[in-house]
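Engineer: As you go down the protein sequences, you meet chains S and C in turn. Mapping of the first sequence onto the numbering used here: residues 794 to 1036, in sequence order. Mapping of the second sequence onto the numbering used here: residues 794 to 1036, in sequence order. For glycine and all other residues, C-beta sits at the position ideal for the given N, C-alpha and C. The model shown is predicted, which means the values in this text are computed figures rather than measured ones. This is the structure, below, for whatever I ask next.
There are 2 protein chains.
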Amino acid sequence: MQFVSERRLDDHVVERAFTLGEVPGILWTPGDPADPAPLILLGHPGGLRAMYPRLLARARHALAAGFAAATIELPGGGDRPRSAAAEEARTDLHRALAAGEPVDDGTVDRLVLPLVDQAVPEWRAALDALLAVPEVGGPVGLAGGVISIGVRLAVVEPRIRAAVLFAGSHVPRSVLEEARQVTIPLHVLLQWDDEGNDRQVALELFDAFGSREKTLHANTGGHTGVPHFEGDAANWFFARHLR
Amino acid sequence: MQFVSERRLDDHVVERAFTLGEVPGILWTPGDPADPAPLILLGHPGGLRAMYPRLLARARHALAAGFAAATIELPGGGDRPRSAAAEEARTDLHRALAAGEPVDDGTVDRLVLPLVDQAVPEWRAALDALLAVPEVGGPVGLAGGVISIGVRLAVVEPRIRAAVLFAGSHVPRSVLEEARQVTIPLHVLLQWDDEGNDRQVALELFDAFGSREKTLHANTGGHTGVPHFEGDAANWFFARHLR
């Protein structure tokens, strides 16, 4: 991991941009670190630059509760090379949504599964590097982002001890099966009136998770309308499981 | 309202038993009251004596967050006279559940609707009396109990500004319609693996509520397995809306 910039945003937050091979990322740590802080990995839909204001707000919120926070760019996001197959699947998805047609399983699989296969090893490599930073400690929490990536990470990465997942994207049938293998505590957000998301599939996914402790927080409103107080609820969840 | 006993449980809690006509009730107020505390009405399935330990725990939790708490006995609960029609409907319900048969709408209506019709005016009369106690102030929150009573109270009683409802009992179809008229902020608890409750009806009910702010908290576990941390979540919800 190469740090490419470091700046102190205020007394409370130090922000460092880094690269891990070809993958850019950002690490936020407390301005006045005492013990190493448990790390929250911030998921997102891809495109760090466009997502930056929201990611920074989420990072500040996590740091205010005593955590460190970090994220990396997704395959095909930002300036990272796009895959022709993924772009084609995305076009098909948008075409179906615009026409009000159901999105077929094949399209979702072509879009999501290669992304999961490529992203998950990158996030695990990022964890190796991030946990070597003196201000960062374990255990690790995962918050948000593409839910299929979150499911795979929750299954394969034992350093992730708890996850806040957003049931808000298209979910391949195979991920519903994979969800049965998840056993860490989960806090699942669902936007009840999400325009682009099938509520029934989201509820099926919640049902499928194998975790003994899982909580669904469903709120009125569309895809981007998660209420502000859910940020606090996520911090309380992580505080219960990462301390 | 006649107070029939008063005792200081510790430095933090004063418990007073009262009667309101034929209806017994309990009021818990802070041991060292400053300003009048916003009131949380504690719902329950009937039978104050059997429910007392759990009600006291909930009252203590509410008082710790700066609220007062109160409850009254339900029609047919505890020593209050039973209605023959309600007892017959309850027998039919238990027979159907024991046989693993679906409970027909008529049975649910016969059991629940007369209870709602009788209980709601009693809870409103209790509010009149409770809000005249110097240590008790408005606004009022409603927490738990028979959900059909909660729905009716949320519709007809303007002093109730926010409600935590437990989607855990049999719900008449007419209550699903009544739910559309509810507009106060709601926090709805659902036990995902509730043996005696139809999950699909509970989700329909959540969907039906007319409130702009409504949040569903669904947790793994059976009817009585609501996780301890949901007590804190309910307090945070009330703190947002009753202060």
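For Thr1056 (chain S), which three-state DSSP category applies?
Structural biologist: With chain S running from 794 to 1036 in the structure shown, residue 1056 (chain S) is simply not present.
Engineer: What's the gap between the Cα of Leu835 (chain C) and the Cα of Val964 (chain C)?
Structural biologist: Here residue 835 (chain C) refers to the residue found at position 42 when the second sequence is read from its first residue. Here residue 964 (chain C) refers to the residue found at position 171 when the second sequence is read from its first residue. Between Leu835 (chain C) and Val964 (chain C), the C-alpha separation is close to 19 Å.
Engineer: Can you pull the chain S neighbours of Leu1009 (chain C), defined as C-beta to C-beta under 9 Å?
Structural biologist: Taking the first residue of the second sequence as 1, we reach residue 1009 (chain C) at position 216. Those are Leu983, Trp985, Leu1009, His1010, Ala1011 and Asn1012, listed as they occur along chain S.
Engineer: List the whole-angstrom C-beta distance separating Asp828 (chain C) from Gly930 (chain C), where the pair is believed to meet the contact cut-off of C-beta under 8 Å.
Structural biologist: As a working mapping, residue 828 (chain C) is identified with position 35 in the second sequence. As a working mapping, residue 930 (chain C) is identified with position 137 in the second sequence. Going by Cβ atoms, the distance from Asp828 (chain C) to Gly930 (chain C) rounds to 7 Å, so yes, they are a contact pair.
Engineer: What does the alpha-carbon distance come out to for the pair Arg992 (chain C) and Glu881 (chain C)?
Structural biologist: Along the second sequence, read from residue 1 onward, the residue named residue 992 (chain C) stands at position 199. Along the second sequence, read from residue 1 onward, the residue named residue 881 (chain C) stands at position 88. For Arg992 (chain C) and Glu881 (chain C), the distance between alpha carbons rounds to 25 Å.
Engineer: Within 8 Å of any Cβ in chain S, is that where the Cβ of Phe1022 (chain C) sits?
Structural biologist: On the second sequence, residue 1022 (chain C) is found 229 positions in, with the first residue counted as 1. So yes, Phe1022 (chain C) belongs to the interface.
Engineer: How many Å lie between Gly1015 (chain S) and Val909 (chain S) at the Cα?
Structural biologist: Locating residue 1015 (chain S) in the first sequence gives position 222, where the first residue counts as 1. Locating residue 909 (chain S) in the first sequence gives position 116, where the first residue counts as 1. Roughly 25 Å separates the two Cα atoms.
Engineer: Please confirm if Arg1036 (chain S) has its CB atom under 8 Å from at least one CB of chain C.
Structural biologist: As a working note, residue 1036 (chain S) is residue 243 in the first sequence. By this cut-off, Arg1036 (chain S) is not an interface position.
Engineer: Give the secondary structure of Thr976 (chain S) by DSSP, where H, G and I count as helix, E and B as strand, and everything else as coil.
Structural biologist: On the first sequence, residue 976 (chain S) is found 183 positions in, with the first residue counted as 1. DSSP places Thr976 (chain S) in coil when its eight states are reduced to three.
Engineer: Flag this pair as yes or no: are the beta carbons of Gln984 (chain C) and Val1019 (chain C) separated by less than 8 Å?
Structural biologist: As a working note, residue 984 (chain C) is residue 191 in the second sequence. As a working note, residue 1019 (chain C) is residue 226 in the second sequence. Their beta carbons are under 8 Å apart, which means Gln984 (chain C) touches Val1019 (chain C) by this criterion.
Engineer: Should Ala843 (chain C) go down as buried or exposed, given a rule of 16 or more other Cβ atoms within 10 Å for buried?
Structural biologist: Taking the second sequence and counting its residues from 1, one reaches residue 843 (chain C) at position 50. Ala843 (chain C) should be labelled exposed.
Engineer: Chain C partners of Glu988 (chain S), CB-CB under 7 Å?
Structural biologist: Residue mapping note: residue 988 (chain S) aligns to position 195 of the first sequence, counting from 1. Simply none; closest approach about 16 Å.
Engineer: The alpha helix (DSSP H) that contains Gly899 (chain S), what's its start and end?
Structural biologist: On the first sequence, position 106 is the one that residue 899 (chain S) refers to. First-last of the alpha helix (DSSP H) with Gly899 (chain S): Asp898 to Leu923.
Engineer: Using a C-beta cutoff of 8 Å, does Ala879 (chain S) count as contacting chain C?
Structural biologist: Position 86 of the first sequence holds residue 879 (chain S). False, the Cβ-Cβ gap to chain C never drops below 8 Å.
Engineer: Closer than 6 Å by C-beta to Ala852 (chain S): which residues in its own chain qualify, once you throw out the five before and the five after it? Chain order, please.
Structural biologist: Here the question's residue 852 (chain S) lines up with position 59 in the first sequence. Closer than 6 Å at Cβ, skipping near neighbours: Trp821 and Ala862.
Engineer: Identify the continuous beta strand (DSSP E) that holds Trp821 (chain S) and give its terminal residues.
Structural biologist: In the first sequence, counting from the first residue as 1, residue 821 (chain S) sits at position 28. Run containing Trp821 (chain S): Val816 to Pro823, per the beta strand (DSSP E) assignment.
Engineer: Residues of chain S with CB closer than 7 Å to the CB of Glu1006 (chain C), please, in chain order.
Structural biologist: Stepping through the second sequence from its first residue, residue 1006 (chain C) is reached at position 213. Residues of chain S passing the Cβ test: Thr1013.
Engineer: Using a cut-off of 8 Å between C-beta atoms, extract the partners of Arg1033 (chain C) located in chain S.
Structural biologist: Locating residue 1033 (chain C) in the second sequence gives position 240, counting from the first residue. The contacting residues are Phe1022.
Engineer: If we cut at 8 Å on Cβ distances, does Ala1026 (chain S) have a partner in chain C?
Structural biologist: The residue you call residue 1026 (chain S) lines up with position 233 of the first sequence. Yes - at least one Cβ of chain C is within 8 Å of the one on Ala1026 (chain S).
Engineer: Taking the straight line between their C-alpha atoms, what separation do you get for Pro895 (chain S) and Arg883 (chain S)?
Structural biologist: On the first sequence, residue 895 (chain S) is found 102 positions in, with the first residue counted as 1. On the first sequence, residue 883 (chain S) is found 90 positions in, with the first residue counted as 1. Those two C-alpha atoms are separated by around 14 Å.
Engineer: Once the 5 residues before and after Leu924 (chain S) are set aside, which same chain residues still bring their CB inside 8 Å of it?
Structural biologist: Position 131 of the first sequence, counted from the start, is the residue given in the question as residue 924 (chain S). For Leu924 (chain S), where only same-chain residues beyond five positions count, the Cβ hits under 8 Å are Leu832, Gly930, Gly931, Val933 and Arg952.
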